[in-house]
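Presented below is the structure to which this report refers.
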Amino acid sequence: MANPAEDLATEGAAIVRGLLAPDEAADLRRTVYETYAVMSSCKHFRDSRLGTNFRVWDGVWLQALPTFLRQARPNLADRYQQSLRSVEARVKCALGDDWRFFPKRSYFRRHLGTGKKVGWHIDADGATIFRIAASVINVWLPLEAVGSDLPSLEIVPRSHMIMRGIPMLTGNNRGRDDAFSYAVGAPSIPQLQLGDALIFDQFILHRTQNIGSEEAVRTSCEFRFARRSAPSRHTLSGWARYHWNAALSSGSIFVDRARRYLGGTSPIKQ
């Protein structure tokens, strides 16, 4: 897009063609593929969260990755850092210098077949991002062409405006159904090539595109970036809504204690 920062503000999402140059995109893809190969051969992970993300979600948690690679493959650690620097430079060029890489909520993801497609959700509550950072974007970089044979993402443009005014979900199921999402707006499916990026706000409704075969493999990068933002009525009310919902959700400490106090019955309605 000619002005991704403006598109991000108005639409909640921006497609940036060629965010990475062809050689940069090829280096990133090779680095990610080799990282998966190294981790697949690892029988024990010192960082339990790194291991859980990899074994359960076919994901690589980027906050713990540099330490792992320095111990397992130092040369691969250097190449990862070089690719990351390229991504950071391109994002700042497109959106401004105030965006900072946010490794705590950044991942490589490998989508295998049709069994683990992710339904409609927003990152703000689906990935529990809003409780730790009010202004966050996802720079989604697929490492293969997506939208035709391999699944892209479906997004609902401008849904970030609506979702900011709706209570965030805090229970075990933080997804939305089709009826809810279609009522918010018409979905769009970006067609992306290697090097292209879809950048979207943490309040945008999105899901895995419903295509692909049992043999399909799609690998992508979720580079999240955070921006320091001054306290505002939105951020403060959103933070309060999130933690209020969490306090009253089933399974919370508050509800558990209330049930015990009342002999197993809680007056709080879910």
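Quick note on this note's numbering: the sequence shown kicks off at 87 and runs consecutively.
The beta-carbon is built from N, C-alpha and C at its ideal position, and this holds for glycine as well.
DSSP three-state assignment for residue i, whether helix, strand or coil
i, result
"Asp164", "helix"
"Gly233", "coil"
"Leu170", "helix"
"Asp287", "strand"
"Arg217", "coil"
"Pro243", "coil"
"His320", "Residue placement at His320 is flagged as unreliable, the pLDDT there being 46, under the threshold of 50; the coordinate-derived value follows with that caveat. The answer is helix: DSSP assigns His320 an H, G or I state."
CB-CB length for residue i against residue j, believed under 8 Å
i, j, result
"Val177", "Val225", "6 Å"
"Val232", "Leu198", "The Cβ separation is near 15 Å, so there is no contact."
"Ile223", "Phe286", "7 Å"
"Ala95", "Leu284", "About 16 Å; that fails the 8 Å criterion."
Neighbourhood of residue i by C-beta distance below 7 Å, restricted to the same chain and skipping five residues each side
i, result
"Ser306", "Arg195, Trp226, Leu227, Pro228 and Leu229"
"Gly104", "Gly281 and Asp282"
"Arg115", "Leu229 and Leu280"
Own chain, CB closer than 6 Å to residue i, minus 5 neighbours either side, in chain order
i, result
"Thr321", "Only weak support exists for where Thr321 lies, its pLDDT of 49 falling under 50; the coordinates are left without a value."
"Glu110", "Ser172"
"Gln288", "Asp209, Ala210, Ile215 and Val222"
"Glu301", "none"
Beta-carbon contacts of residue i that lie in its chain and below 8 Å, excluding the five residues immediately before and after
i, result
"Phe266", "Trp206"
"Leu162", "Thr117, Glu120, Thr121, Val124 and Leu155"
Chain B contact for residue i (CB, 8 Å cutoff)
i, result
"Thr138", "Any reference to chain B falls outside this structure, which holds one protein chain only."
- What residue ranges within the stretch 95–176 form continuous beta strand (DSSP E) runs of no fewer than 3 residues, ordered along the chain? Entirely contained in the stretch 95–176, the beta strand (DSSP E) runs reaching 3 residues are, in chain order, 99–102 and 145–147.
- Item | Three or more C-beta pairs below 8 Å linking the stretch 242–249 and the stretch 180–197 | With the cut-off at 8 Å, the stretch 242–249 and the stretch 180–197 do not touch.
- Segment contact, 8 Å Cβ cut-off, at least three pairs: the stretch 166–183 with the stretch 124–135: Between the stretch 166–183 and the stretch 124–135 there are fewer than three inter-stretch CB-CB distances shorter than 8 Å, so the stretches are not counted as touching.
- Query: Between the stretch 235–245 and the stretch 289–296, are three or more C-beta pairs nearer than 8 Å?
  - Reply: The stretch 235–245 is in contact with the stretch 289–296.
- Task: Note down, one range per segment and in chain order, each alpha helix (DSSP H) of at least 4 residues found wholly within the stretch 247–317.
- Result: Considered as a whole, the stretch 247–317 harbours 264–270 as its complete alpha helix (DSSP H) runs of no fewer than 4 residues, in chain order.
- Task: Flag this pair as touching only if the stretch 200–217 and the stretch 256–263 have three or more C-beta atom pairs under 8 Å; answer yes or no.
- Result: Segments in contact, yes.
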